[in-house]
Amino acid sequence: MANTRWIKTPQEIQTIEERLAHPAFLDGETLTVTYLTRPELVRAVLPPPLEPAGEPLVAVGVGSFGRSNCVGAFAGGWVDVRARYQGIEANYCLAMPMSTDVAIIFGRELFGEPKKQGKVRLESDGDVTRGVVERYGIPYLLVEARLTENLPIEGPATSDRFHFKFMHSADGRGLEFDPIIVHAHFETQLRVVKRGPGKAAFKPSHHDPLSDLEIVEFRGAVYSEGDVYAHARRIGTVDAKSFLPYAFQNIDDYSGEI
Numbered sequence: 014m015a016n017t018r019w020i021k022t023p024q025e026i027q028t029i030e031e032r033l034a035h036p037a038f039l040d041g042e043t044l045t046v047t048y049l050t051r052p053e054l055v056r057a058v059l060p061p062p063l064e065p066a067g068e069p070l071v072a073v074g075v076g077s078f079g080r081s082n083c084v085g086a087f088a089g090g091w092v093d094v095r096a097r098y099q100g101i102e103a104n105y106c107l108a109m110p111m112s113t114d115v116a117i118i119f120g121r122e123l124f125g126e127p128k129k130q131g132k133v134r135l136e137s138d139g140d141v142t143r144g145v146v147e148r149y150g151i152p153y154l155l156v157e158a159r160l161t162e163n164l165p166i167e168g169p170a171t172s173d174r175f176h177f178k179f180m181h182s183a184d185g186r187g188l189e190f191d192p193i194i195v196h197a198h199f200e201t202q203l204r205v206v207k208r209g210p211g212k213a214a215f216k217p218s219h220h221d222p223l224s225d226l227e228i229v230e231f232r233g234a235v236y237s238e239g240d241v242y243a244h245a246r247r248i249g250t251v252d253a254k255s256f257l258p259y260a261f262q263n264i265d266d267y268s269g270e271i
């Protein structure tokens, strides 16, 4: 057989799979603002069999990572709501804009993350930190906090997310298979943690309906610096037809004028 890089050797496959199994996102800094929304909005955006968990909290964040073991440097944002499935409580991610195509491909293909490309900025001025995500010229996601309190670091921080891994049919109608429910677990080795009052804002965008998540009451903000280590696993499936109305968060909205 001819020697070509298109075909991987067993040793190369082993190296690749080790990185896929244990991605590491390093030299990170993130700002997350949480707020209460209306309970009926959380119920509306959660695909069955996910159910609401606890208060109707929304977490909105912007972050950047200086390096990684898989996708290089990148920046991104996220919008999460709390959910429960099979006794697990985790964030369900509604949106995850990213600054690079490499980060988009990795997260969508591996975890089923709802990634789109956008321009992402995270900057600090004294004790004020701001993050902005822009698509189609619209700065549609904004977070800001005045970080007045340094928090003690007591070991690594952990967090969890639910994603649905799916693919639209080649003929454009329906899905190719029953979506896979993915549970992603993250452990962050923290170096800095700060807290303070914060706020978020969404600007109307046809392709990114974050402004539908009404803000009722802000709960504060947390800024952190550290390294994030992730792994994920399949924990179930959902019927393709019943999931279809929820299967458009990772592409633009073609239902209106383009």
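With our numbering as the guide, the letters of the sequence shown map in order to residues 14 to 271. Idealized CB from N, CA, C, for every residue including glycine.
Between L98 and F179, how many whole angstroms is the CB-CB distance? I'm expecting something under 8 Å.
Indexing the sequence shown from 1 puts residue 98 at position 85. Indexing the sequence shown from 1 puts residue 179 at position 166. A small correction: the amino acid at residue 98 is Tyr; Leu does not occupy that position in the sequence shown. That pair is no contact at about 16 Å.
Leaving out five residues before and five after I117 in sequence, what residues of the same chain have Cβ atoms less than 8 Å from its Cβ?
Mapped onto the sequence shown, residue 117 falls at position 104. The answer, listed in chain order, is M111, K128, K129, Q130.
Buried or exposed for H196, please, with buried defined as at least 16 other CB atoms from any protein chain shown within 10 angstroms of its CB.
Here residue 196 corresponds to residue number 183 of the sequence shown, with the count starting at 1. Per the 10 Å Cβ criterion, buried.
Got a sec, what are the start and stop residues for the alpha helix (DSSP H) K216 sits in?
Within the sequence shown, the letter at position 203 stands for residue 216. Where K216 is concerned, there is no enclosing alpha helix (DSSP H), given that its DSSP letter is neither H nor E.
Which runs of the beta strand (DSSP E) spanning at least 3 residues fall entirely within the stretch 69 to 140, listed in chain order?
70 to 81, 87 to 98, 101 to 111, 128 to 130, 132 to 138
By alpha-carbon positions, which one of V133, S255, G249 ends up nearest to G187?
For this step, residue 187 is matched to residue 174 along the sequence shown. Each of V133, S255, G249 was checked against the Cα of G187, and the nearest Cα belongs to S255.
If we ignore side chains and look at the alpha-carbon of each, how far apart do L203 and Y236 end up?
Within the sequence shown, numbered from 1, the residue matching residue 203 stands at position 190. Within the sequence shown, numbered from 1, the residue matching residue 236 stands at position 223. About 11 Å.
Counting only the same chain and skipping the five closest in sequence on each side, list residues whose C-beta sits under 7 Å from that of L39.
Here residue 39 refers to the residue found at position 26 of the sequence shown. Counting only Cβ-Cβ distances below 7 Å, and skipping sequence neighbours, we find F78, G79, R80, S81, D240.
Along the chain, where does the beta strand (DSSP E) that runs through E157 open and close?
As a first step, residue 157 is located in the sequence shown; it is residue number 144 there, counting from the start. Looking at the DSSP string, the run of the beta strand (DSSP E) that includes E157 is 151 to 159.
Please list the terminal residues of the continuous alpha helix (DSSP H) segment that includes A243.
Position 230 of the sequence shown, counting from 1, holds the residue named residue 243. First-last for A243: 230 to 250, but that is the beta strand (DSSP E), not the alpha helix (DSSP H).
Pull the bridge partners of T47 from the DSSP assignment, please.
For this step, residue 47 is matched to residue 34 along the sequence shown. A72, G233.
According to DSSP, what are the bridge partners of H196?
Residue mapping note: residue 196 aligns to position 183 of the sequence shown, counting from 1. H196 pairs with F175, R246.
Just to confirm, is the Cβ distance from V115 to G85 under 8 Å?
Your numbering for residue 115 matches position 102 in the sequence shown. Your numbering for residue 85 matches position 72 in the sequence shown. For the 8 Å CB-CB criterion, V115 and G85 form a contact.
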